[in-house]
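Numbering (our numbering), first residue to last: 312 to 841.
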């Protein structure tokens, strides 16, 4: 072992850094959603904003981390490994120049075509009326965010390849700051207050870009434009991006289908799905996406260096780690879904009925958390090989399954059926990705992964019994009545559940405990610096 530690330890520490900033971002994101829930609840303005903001979020998957990052990092890492840093930076400048021009064109088209885009995304809103007109206005305001967040994704690709993860991971914090500022201080300036929230999205996007620039300059990267569209690697990245657009964006595109179908359900359905998704995104972002983000540069470097044995170890380690974390998170969210929503959202316009409706969606989303997480890691494995075609084929099957399941389940289960359809189709996606990779030179060793997952499941079952009893005694309806008292009780119950899980996992000798401790090292280091 070298002084920098093994590749798995590097992944652990990098995941810890990403997870730390993502945790802070998610906390602020919950504050953001609490603010939005207080002012707008699940009324017309909330539905309009969530549809409008989901549109650039969908395109973010097309032009940002969903395609650009996963196509750029493996090729950029290959240049760093096999050529030189100067050659890699030349490639990056050429990509940035071409990307910027493309994004300007896409942004202008999006603003012009907003009425038709909204008509497709939320067909149930109709082609006229106050709700439709407001959604079109909000879409036009938020659409330039795709330009800003794509620049952030590009800088993230450069910095992550150079093993700097902090600044890109901290960027979403500033988006939440912008939205909160928009809701609290910009909204009063408009006759329709939700317009101020849309303006806050742009403010947050600008702050995100400004955070990245000093760090890429510090690494020696130049922002001077370089017009080299004929660069062979630029063309290769472009070819990788085309299928990656669909393959990596499957989760967001499934959400798009869910939003479209939810627009035909009773008013509030879109908002119930949104708030439930925000809760699920918390463990997904803090741990699963953090691990996959940290693993991609390592996997890409190992593929470039033809270290397939190390690749197999790194991939297996990443999957074991995300399953070790998301399994108890799933059990916890299922059992504590109502008190979680009560503490975070139930106030102002977010009433008891909204809590119960959102809890239905949260239950169904939680069932797919392990699949959402595992798929993110598995996709990174394919992208490390610069294979974006296989995820496209899998995504196509997954999309069809999601649509069919949504149509089948939305009748009896309403909005809960849409959430359950997404969980089931994502499970299918993960199983297909595992099956395909297993057939390729046995690039995935399932035995230790299954063994670890079973231990995690057993430990989670023990934790679940404890949580059920604590929930019954301390978190029944109206007990305790005061918000802060209820919040502290919920935090205590969650802490007790986590302690039981880790103690049980230790009894079962789960090796992932040491990896989780490695992930917390960046937090300890940050506290020492402070």
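Ideal Cβ placement from N, Cα and C applies to all residues, glycine included.
In whole angstroms, what separates the C-alpha of residue i from that of residue j?
{"i": "residue 521", "j": "residue 715", "result": "43 Å"}
{"i": "residue 870", "j": "residue 435", "result": "The structure shown has nothing for residue 870, since the chain only spans 312 to 841."}
{"i": "residue 800", "j": "residue 782", "result": "10 Å"}
{"i": "residue 314", "j": "residue 500", "result": "At residue 314 the pLDDT is 37, less than 50, meaning the model places this residue with poor confidence; the figure from the coordinates comes in the next sentence. Roughly 56 Å between the two C-alpha positions."}
{"i": "residue 405", "j": "residue 375", "result": "16 Å"}
{"i": "residue 664", "j": "residue 722", "result": "20 Å"}
{"i": "residue 841", "j": "residue 525", "result": "Here residue 841 scores only 43 on pLDDT, less than 50, and its place in the model is too uncertain to base an answer on."}
{"i": "residue 718", "j": "residue 453", "result": "30 Å"}
{"i": "residue 681", "j": "residue 535", "result": "43 Å"}
{"i": "residue 504", "j": "residue 357", "result": "11 Å"}
{"i": "residue 694", "j": "residue 745", "result": "14 Å"}
{"i": "residue 390", "j": "residue 369", "result": "30 Å"}
{"i": "residue 802", "j": "residue 820", "result": "27 Å"}
{"i": "residue 629", "j": "residue 508", "result": "37 Å"}
What is the DSSP secondary structure of residue i, reduced to helix, strand or coil?
{"i": "residue 496", "result": "helix"}
{"i": "residue 613", "result": "helix"}
{"i": "residue 660", "result": "coil"}
{"i": "residue 538", "result": "coil"}
{"i": "residue 841", "result": "Note that residue 841 scores 43 on pLDDT, short of 50, meaning its location in the model is unreliable and no value can be drawn from it."}
{"i": "residue 775", "result": "helix"}
{"i": "residue 888", "result": "Outside the shown range of the chain (312 to 841) lies residue 888, about which nothing can therefore be said."}
{"i": "residue 375", "result": "coil"}
{"i": "residue 675", "result": "helix"}
{"i": "residue 358", "result": "helix"}
{"i": "residue 582", "result": "helix"}
{"i": "residue 577", "result": "coil"}
{"i": "residue 851", "result": "This structure gives no information on residue 851, because the portion of the chain shown stretches from 312 to 841."}
{"i": "residue 401", "result": "helix"}
{"i": "residue 740", "result": "helix"}
{"i": "residue 432", "result": "helix"}
{"i": "residue 594", "result": "helix"}
{"i": "residue 643", "result": "helix"}
{"i": "residue 530", "result": "coil"}
On a Cα-Cα basis, can you pick out the residue from the options that is closest to residue i?
{"i": "residue 778", "options": "763, 805, 768", "result": "805"}
{"i": "residue 318", "options": "577, 541, 478, 626", "result": "626"}
{"i": "residue 392", "options": "472, 703, 631", "result": "472"}
{"i": "residue 592", "options": "659, 512, 676", "result": "676"}
{"i": "residue 540", "options": "680, 657, 412, 489", "result": "412"}
{"i": "residue 697", "options": "386, 359, 362, 766", "result": "386"}
{"i": "residue 300", "options": "505, 725, 430, 370", "result": "Residue numbering for the chain in the displayed model covers 312 to 841; residue 300 lies beyond these limits and cannot be assessed."}
{"i": "residue 469", "options": "738, 409, 400", "result": "400"}
{"i": "residue 569", "options": "547, 544, 713, 506", "result": "713"}
{"i": "residue 355", "options": "608, 743, 446", "result": "446"}
Below 7 Å CB to CB, which residues in the same chain sit around residue i once its five sequence neighbours on both sides are set aside?
{"i": "residue 261", "result": "Residue 261 cannot be examined here, being either before or after the span of the chain that is shown, 312 to 841."}
{"i": "residue 459", "result": "516, 517, 519, 520"}
{"i": "residue 345", "result": "655, 656"}
{"i": "residue 830", "result": "323, 326, 327, 330"}
Leaving out the 5 sequence neighbours to the left and right, which residues in its chain are closer than 8 Å to residue i when beta-carbon positions are compared?
{"i": "residue 619", "result": "613, 752, 754"}
{"i": "residue 747", "result": "701, 705"}
{"i": "residue 396", "result": "531"}
Excluding sequence positions up to five away, which residues of its chain have a Cβ less than 6 Å from the Cβ of residue i?
{"i": "residue 635", "result": "767, 823"}
{"i": "residue 414", "result": "458, 461"}
Is it true that the region 812–825 meets the region 668–681, where meeting means three or more beta-carbon pairs spaced less than 8 Å apart?
-> no
Counting Cβ pairs closer than 8 Å, one from the region 644–656 and one from the region 718–734, do we hit at least three?
-> no
Could you tell me whether the region 503–513 touches the region 482–493, using the rule of 3 or more Cβ pairs below 8 Å?
-> yes
Can we say the region 379–391 touches the region 319–333, given the rule of at least three CB pairs closer than 8 Å?
-> These segments do not touch.
Does the region 417–433 come within contact of the region 478–487, defined as at least 3 CB pairs closer than 8 Å?
-> no
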